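A quick write-up on the structure given underneath.
Structure (structure tokens):
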């Protein structure tokens, strides 16, 4: 058979490059491994900015252009200078007109400002022609700026629709912003926006960096090619931006076509074509930038542009045609290359058909080594000793040296093939013969990008929901809320009965707490008083009472009150069902004040003494009904005011009234002149009344100022203006009920926390915990209450990290540190914890909003928004009251906080039981950990000195050697490097230090624990400790770079304060290796002692002394500067970093009260250290001005 020449050449090429061709039964199989983005069309309206506005600004710019062209013509410039300047003015004018028409006034202004920037290298402004061009741009800036608002509080994007209406942005730009905001729930955004013009890329970067921080923390940068007069970027700068994009430091790149080819970012999950693709090649290439699974490819098209839409649809079809053609060609036969027996020896994996042979074995081993953990001083690679025929793999590989015999020409290939076999047998290579970490990382990435619905339910505590029969009596359990006010006021708080359908657990039923109010605090104590059997009529009366009283306090609206009372009836449907009843008497003699409850029906009140009657809006009533009443008055314009009457005054409409200015008038004249009301019964006695009380949020736990209190406590009211709402009712009852929303919110929160605790206890009865701890763990900082979960979350995070690390370390004895870290990430990542939290029903219990008393649901009220849905979670019936947004991190934080709550209350076993309930399967079971390393530690280390420093004697000295061996030390007598022990030690030190701080300083604020942990648990802190105790001299390594770095660090060490190990003062970071060995030594001691954490703490703690205290705590300069800027509304106006030839340049500017504070660092430090130095210097400058 004679093969076509082209096909034969294809076979030769395939053989030469060791290529393998696979075919799949369908394209669906390919998409499992090669993700394809989903195209989506986004249509924007055809409306640009208003024609009148466009014409006005366009004519101004055109007039400026003509003026400066005239200047050029009338000046004595040479012809070449004048023509060059005129071309630049024309080009700039066209750019501004383009931005004005396509993007809007604000972006046109940004384009002008960009062109006029002093940092533009294209214009030197040195020649006269350049000055004319500069003047044109600056006057253009002024013309565009004159249209913008002068309000310093205004910012673009505060109201995007308004910005579009005013012409500041076009509907096309609005469509782009709306498209991006649809993805704001993504925690790891990577987006490329393709534009046609460089000026578009520049100004969109400015817009997105101004607008997006209002919604998330995304950072935007642009990449564009060269264009005269615009911000040109070097190839180095573009590469830096791409690297930042890969690492997640930049989330959005606005790019021209320069980025359509060659960019491979696996995590890119969104591509947006702001401008249409000019060619099918551009379409396919830009679409291919979206490499993440489930990524999107958004095509923005103007509404009604059928030509562009049709062209893009053809492009989509063309891509399908190309794929089909490729599949057709793949079916052509290709005969194997004959005559080479080299690859007959091969390793086959039967389950997948994967093959490794002598040709591919070396590259496969290099690939495997490239995925092993590395640092700045060592890149893992195999070492081949051709004299002995021995292959040495890096220390992080579990294989021992492989020695082979055979044909010397192919000996290395044979050794590598044998290594591939052994690596596959121990699982280091998968059945597809790729490094196991590749698969693990892909799974973690895919798991982290699974869709998540931020709309999560809000649960109503069990026991507060029930139905009330209209045909039979209802039994309520009564709890007396004994209230004590710790301040003096002319009104005293009264006790209140809480009547609920179930008997509460004693922990809730006997609870007591303090709440901060306007003038001090109020103490509450619950006491069980037995049951009460109420008829349907009495239940309805009680509900009307609390709806009326609480509704008037919360809403101050008769219309809302009337609507609520219309819906206040008994039915079989479930509702929020508990009663709040005023009490009379104290202690054991307390009973329900039925007279006050009946005040909701004033007409049923019978007068005993037949006092004179008086005219009111409610008609002719007995004077006694207005002695203690809640009334409302209506004024012209529909205004309604509520008042509390406390008596009858010996004043009438014609009595003199002194005004604030000292003038004297009569009440009749006052109401006529100020309110337009003509009194009809001017001789009636006036009522003494006070303003109705306002409801506030008292759940903050602190004393509030006396805001909003009327300047005049009492007013005089003409009875004829008053409608009786409730009578008789004392002002002390009304005053007490103004606190009820906050009190009940706290009780409802406690009950919700108890319900969550009960769900867990039903699974694990012995795992007891205080409800208040659970409440703390489910309360976020955003609630603005006296407690939140930050401290417990910090503690739980450290314990979870340690628990997962020790189990992985013991279970996977052949896994290197990188693989262990990836496996740990699958257990403790926010995505994993959020998924487990949701499956356990935690989101419904989380408290993430400040309490709003005006949104609180009054029991018995039935607003349209109240729709209770039944839900079953882990066998428990729960009622859902609406939904709210919760991001993944909050749910993950609450899982960690609950772990911390159980840990702090019941110890490690308690925490592990909760973790098991939520779905985190780890344990502290002892697993045999055998080591058989035949080494002679004394020949490698000064064992006696090291054990004296550590105050610990090793049973297995090979652990000490391993803990001090860097990956670069490739000598065969040491079988492993420290990375696995560092993985374990990092987690145990984090946990031990956090546990110490949490228990040592129980009174510190939640934020303080986080700050103290950050100051104590960091690599720099460990590294300075290692140097202080001379451990750097005992590190086994073979890296010249590490040796140099240690020497430089030692020179800086003497400059540090002896009382601090934070390392914040240093202008150079010590080698990470020195911090790693503290962690690896902790891991070695943990393993050698049989996982005894107390032994580790006793050994390592002296090395870290002095430990941080609240008094010695220093914030990291970057954190301190950010907090100062946030507190005082300072603005970081510039932050620019570059690194070339080992030299970092870091510039920072901060604007504080109109003054610019700036600092520029140039030196060998890495980016993070350079930023720390710049922040520290700017902080010092700011503090001098404070």
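Residue numbers (full-length UniProt numbering): 1 to 1186. Ideal Cβ positions, reconstructed from N, Cα and C, are used throughout, including at glycine. All values reported here derive from a predicted model rather than from experimental measurement.
- Excluding five sequence positions before and after residue 600, the CB atoms of its chain that fall closer than 6 angstroms to its own CB belong to 544, 545, 548 and 726, given in chain order.
- Within the model, the alpha-carbon separation for residue 461 versus residue 904 is close to 25 angstroms.
- Between the region 803 to 820 and the region 969 to 983 there are three or more C-beta pairs closer than 8 angstroms, enough to call the two in contact.
- Listed in chain order, the beta strand (DSSP E) elements of length 3 or more contained wholly in the region 851 to 878 are 868 to 873.
- Per DSSP, the continuous alpha helix (DSSP H) segment holding residue 1019 begins and ends at 1019 to 1028.
- Taking C-alpha positions only, residue 221 is separated from residue 254 by approximately 6 angstroms.
- Residue 645 is positioned such that its CB atom lies no closer than 8 angstroms to that of residue 696.
- Burial of residue 440 is indicated by the presence of at least 16 other C-beta atoms within 10 angstroms of its C-beta.
- Between the C-alpha atoms of residue 590 and residue 581 there is a straight-line separation of about 12 angstroms.
- In the displayed model, residue 639 falls within a strand according to three-state DSSP.
- Sequence-distant partners of residue 401 (beyond 5 residues in either direction) whose C-beta falls short of 8 angstroms from its own C-beta, in its chain, are 390, 391, 392, 393 and 972.
- Counting other Cβ atoms within 10 Å of its Cβ, residue 854 stays below 16 and is therefore classed as exposed.
- Contact between residue 782 and residue 834 fails: their C-beta atoms lie close to 17 angstroms from each other, not under 8 angstroms.
- Taking a contact as a CB-CB distance under 8 angstroms, the pair residue 890 and residue 799 does not count as one, their CB atoms being some 19 angstroms apart.
- Under the DSSP assignment, residue 296 falls outside any alpha helix (DSSP H), being part of the beta strand (DSSP E) whose first and last residues are 296 to 302.
- Around the C-beta of residue 1150, 16 or more other C-beta atoms lie within 10 Å, and the residue is accordingly described as buried.
- Around the beta carbon of residue 1146, 16 or more other beta carbons sit within 10 angstroms, so the residue counts as buried.
- Taken through DSSP and simplified to helix, strand or coil, residue 459 comes out as strand.
- In this chain, the alpha helix (DSSP H) harbouring residue 762 covers 740 to 763.
- Counting of Cβ neighbours within 10 angstroms places residue 802 among the buried residues, the total reaching 16 or more.
- Per the coordinates, the alpha-carbon of residue 412 lies some 14 angstroms from the alpha-carbon of residue 421.
- Residues 602, 722, 723 and 724 of the same chain have their beta carbon placed closer than 8 angstroms to that of residue 618, with the five preceding and five following residues left out of the count.
- Straight across, the Cα-Cα distance linking residue 198 with residue 111 is about 10 angstroms.
- In the three-state reduction of the DSSP assignment, residue 47 falls in the coil class, being assigned neither a helical nor a strand state.
- Counting only runs of 4 or more residues that sit fully inside the region 539 to 611, the alpha helix (DSSP H) segments are 558 to 566 and 594 to 597, in chain order.
- The shortest C-alpha to C-alpha distance from residue 1128 to any of 1120, 1135 and 1134 is the one to 1120.
- In the three-state reduction of the DSSP assignment, residue 528 falls in the strand class, which pools E and B.
- Separation of residue 620 and residue 613 (C-alpha to C-alpha, rounded to the nearest whole angstrom) is 6 angstroms.
- Taking C-beta atoms as the reference points, residue 583 and residue 494 count as a pair closer than 8 angstroms.
- In terms of Cβ geometry, residue 515 and residue 746 form a close pair [threshold 8 angstroms].
- Rounded to the nearest angstrom, the gap between the Cα atoms of residue 926 and residue 1097 is 20 angstroms.
- Beyond the five residues adjoining it in sequence on each side, residue 1075 comes within less than 6 angstroms, by CB distance, of 1019, 1022 and 1023 in the same chain, given in chain order.
- Spatial neighbours of residue 101 in its own chain (CB-CB distance under 7 angstroms, excluding positions within 5 residues in sequence) are listed in chain order as 48 and 54.
- Check the Cα spacing between residue 266 and each of 915, 183, 438 and 907: the tightest is with 438.
- Counting along the chain, the unbroken alpha helix (DSSP H) around residue 672 starts and ends at 667 to 675.
- Here residue 373 carries a coil assignment [DSSP, helix/strand/coil].
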